[in-house]
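**Student:** For the sequence shown, this note's numbering puts the final residue at 378, and the numbers step up evenly by one.
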Amino acid sequence: MNPFRFGNVVSGEYFTNRKKEIKEMLSELKAGQHIVLMSPRRYGKTSLMNEVMKASGIKWFRINMELIADEVDLANYYVRDALSLSKFEKIKHYLKNLKVQPYIQIQPKTNGISVSFDTERRNISTLLLDSLQLPETIAKSIKKRIVIVFDEFQEIRRISPNLEKKMRGIFQYHQNITYVFIGSQESMIREIFQNKNNPFYKFGRHITLHKIPEPEFSDFIIKRFSSQKIDADKIVKDILKFTNCHPYYTQQLCHEIYILNEENILTRHIIDKAVDQITTEHHADYSRWWNSLTNTERKVIIGIASGDYSPTSQEFIRKYGIKSTSTSGSVVGKLVALGTLVKKNGDKIKIEDPFWKVWILKNRD
Numbered sequence: 014m015n016p017f018r019f020g021n022v023v024s025g026e027y028f029t030n031r032k033k034e035i036k037e038m039l040s041e042l043k044a045g046q047h048i049v050l051m052s053p054r055r056y057g058k059t060s061l062m063n064e065v066m067k068a069s070g071i072k073w074f075r076i077n078m079e080l081i082a083d084e085v086d087l088a089n090y091y092v093r094d095a096l097s098l099s100k101f102e103k104i105k106h107y108l109k110n111l112k113v114q115p116y117i118q119i120q121p122k123t124n125g126i127s128v129s130f131d132t133e134r135r136n137i138s139t140l141l142l143d144s145l146q147l148p149e150t151i152a153k154s155i156k157k158r159i160v161i162v163f164d165e166f167q168e169i170r171r172i173s174p175n176l177e178k179k180m181r182g183i184f185q186y187h188q189n190i191t192y193v194f195i196g197s198q199e200s201m202i203r204e205i206f207q208n209k210n211n212p213f214y215k216f217g218r219h220i221t222l223h224k225i226p227e228p229e230f231s232d233f234i235i236k237r238f239s240s241q242k243i244d245a246d247k248i249v250k251d252i253l254k255f256t257n258c259h260p261y262y263t264q265q266l267c268h269e270i271y272i273l274n275e276e277n278i279l280t281r282h283i284i285d286k287a288v289d290q291i292t293t294e295h296h297a298d299y300s301r302w303w304n305s306l307t308n309t310e311r312k313v314i315i316g317i318a319s320g321d322y323s324p325t326s327q328e329f330i331r332k333y334g335i336k337s338t339s340t341s342g343s344v345v346g347k348l349v350a351l352g353t354l355v356k357k358n359g360d361k362i363k364i365e366d367p368f369w370k371v372w373i374l375k376n377r378d
């Protein structure tokens, strides 16, 4: 069995060591402290949250804001997930508190429930406010704290322009609910929680999920390969150098290495073989990604992929035929916001996906 997994939520032996973060978040949640958890996409925020909640023993549910279409849709999911925390015979009691009554269906196979509201537009605000209040009502009734996790919380601004104000107006009075807001678009999350003109200003403790430190990641990789009687000591540094310790791409590369490997001791050539295989498999995806870019965006990315890390310098714009430093700077800002490029304080600007970088350079040869 492949000892590495990527692309979905992982747990147990497949979860990479995050002991420090788990301890910190457990302490905050048990104290009833709201949390704002930030990191780029594919850093393992959702998997981390699962591990934290499993260790806490606290009742909880998660709302993925990317999947929410509008306020009524949010109410559907919210009521369904809140009711799932209560005993079945109590559901009718809790529904009496809702001014707009939902349609409830029991799922025979899972014994779960589905919830839907058929509401006129004038009732949407009432419906939403009642729905947001329901978990607090349940928590009081069962005399237990509930944690509610909002994944990709920056999507709140797409769902409705006034939703932040409505949610904050309800949440501030809750004494039995702890809220966790997870976001992957750092600039937008900071705007929501650190701009004093916004409703959620200073609503929770900010925690940034960083890359896994190289020593810890090295130990994890070596142990996972060792579990299948494979020695990875000689190449683990090269793996992490290529992926820049990015959790997702490291797991992806190691997963492919395991598939292709035929030896008990891994050597450098297996990395090149795995990278080539991954870029070939994803050729269509990378082509679509490339074709979605403007000419100026392509020029900036080509320059950075080629090792020129100062896209706003005069030398860079002359070399790659860009109109001005302000144009290049604007493109970089857009690509960083989208997660195509990454830049941390003091670090060089880099292409986030190392396999895409290889694909670009290979197809330009």
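Glycine included, every Cβ here is placed at the ideal spot set by N, Cα and C.
1. Relative to the alpha-carbon of LEU354, which residue among LYS103, MET180, ASN15 and ARG311 has its alpha-carbon at the smallest distance?
2. Starting from the C-beta of THR139, find all residues in its chain whose C-beta is less than 7 Å away, skip the five residues before and the five after it, and write them out in chain order.
3. In its own chain, which residues sit with a C-beta less than 8 Å from the C-beta of ASN110, not counting the 5 before and 5 after it?
4. Would you identify the three-state DSSP class for VAL371, choosing helix, strand or coil?
5. Does SER144 come out as helix, strand or coil in the three-state DSSP assignment?
6. Using 8 Å as the cut-off, can you tell me whether the region 102-109 makes contact with the region 162-181, which would need three or more C-beta pairs spanning the two stretches below that distance?
7. Take SER52 as the anchor and find which of GLY196, PRO228, ASP86 and ASN21 has the nearest alpha-carbon.
8. Can you name, in chain order, every residue of its own chain whose Cβ lies under 6 Å from the Cβ of HIS282, other than the five neighbours on each side?
9. Hey, which unbroken runs of the alpha helix (DSSP H) at 4 residues or more fall wholly within the region 67-115?
10. With a threshold of 16 other CB atoms inside 10 Å of the CB of TYR214, please say whether the residue is buried or exposed.
11. What whole-angstrom Cβ distance do ASN30 and GLU229 have, given they're in contact under 8 Å?
12. In this structure, what does DSSP give as the bridge partners for MET51?
13. Where does LEU306 sit, in a helix, a strand or coil, going by DSSP?
14. How should GLN118 be labelled, buried or exposed, when 16 other C-beta atoms within 10 angstroms of its C-beta is the threshold for buried?
15. Enumerate in chain order the residues of its own chain whose CB-to-CB distance from VAL22 is below 7 Å, with the five nearest sequence positions on each side excluded.
16. Are the Cβ atoms of ILE220 and ILE48 separated by less than 7 Å?
17. Does VAL10 come out as helix, strand or coil in the three-state DSSP assignment?
18. Taking DSSP's pairing of strands, which residues face PHE163 in a bridge?
19. Taking the DSSP output, what are the residues bridged to LYS363?
20. For ASP378, count neighbouring C-beta atoms within 10 Å of its own C-beta (all shown protein chains included) and say buried if the count is 16 or more, exposed if not.
21. I need the straight-line Cα distance from SER173 to VAL128, nearest angstrom please.
22. State the CB to CB distance for the pair TYR261 and ARG55, rounded to an integer number of angstroms; the pair is presumed to be in contact (CB under 8 Å).
23. What does the Cβ neighbour count give for ALA44, buried or exposed, with the cut at 16 atoms within 10 Å?
24. Going by beta-carbon coordinates alone, are ARG170 and GLN46 separated by less than 7 Å?
25. According to DSSP, what are the bridge partners of ASP244?
26. So what's VAL23 in DSSP terms, helix, strand or just coil?
27. In this structure, how does DSSP classify SER4 when only helix, strand and coil are distinguished?
28. Taking just the CA atoms, how far does LEU222 sit from TYR6?
**Tutor:** This is what the structure gives:
1. Here the closest residue by C-alpha is ARG311.
2. Hits under 7 Å: LYS112 and VAL113.
3. Contacts found: ASP143, GLN146, LEU147 and THR150.
4. Residue state for VAL371 is assigned as helix, using DSSP reduced to three classes.
5. Note: SER144 maps to helix in three-state DSSP.
6. No, the region 102-109 does not touch the region 162-181.
7. Taking only the C-alpha atoms, the option nearest SER52 is GLY196.
8. Counting only Cβ-Cβ distances below 6 Å, and skipping sequence neighbours, we find nothing.
9. Runs found: 84-96 and 104-108.
10. Around the C-beta of TYR214, fewer than 16 other C-beta atoms lie within 10 Å, and the residue is accordingly described as exposed.
11. Their Cβ separation, rounded to whole angstroms, is 5 Å, which keeps ASN30 and GLU229 in contact under 8 Å.
12. Under DSSP, MET51 shares a beta bridge with GLY196 and THR221.
13. Looking at LEU306 - three-state DSSP - the assignment turns out to be coil, as it is neither helix nor strand.
14. Classification of GLN118: exposed, given that the 10 Å Cβ count is below 16.
15. Excluding positions up to five away in sequence, the list reads THR59, SER60 and ASN63.
16. Cβ distance < 7 Å, so ILE220 and ILE48 count as in contact.
17. Because the chain in this structure spans residues 14 to 378, residue 10 falls outside the shown range and cannot be described.
18. The partner list for PHE163 (beta bridge, DSSP) reads ILE76 and PHE194.
19. The partner list for LYS363 (beta bridge, DSSP) reads VAL355.
20. Exposed, by the Cβ-count rule.
21. Straight-line Cα distance between these residues: approximately 21 Å.
22. ARG55 and TYR261 do touch by the CB rule: their CB atoms are close to 4 Å apart, below 8 Å.
23. The C-beta of ALA44 has fewer than 16 other C-beta atoms within 10 Å across all chains shown, which makes the residue exposed.
24. Result no, Cβ atoms of ARG170 and GLN46 do not sit closer than 7 Å.
25. ASP244 is bridged by DSSP to ILE278.
26. Note: VAL23 maps to coil in three-state DSSP.
27. Because the chain here runs from 14 to 378, residue 4 falls outside it and cannot be looked at.
28. Nothing about residue 6 can be read from this structure; the chain reaches only from 14 to 378.
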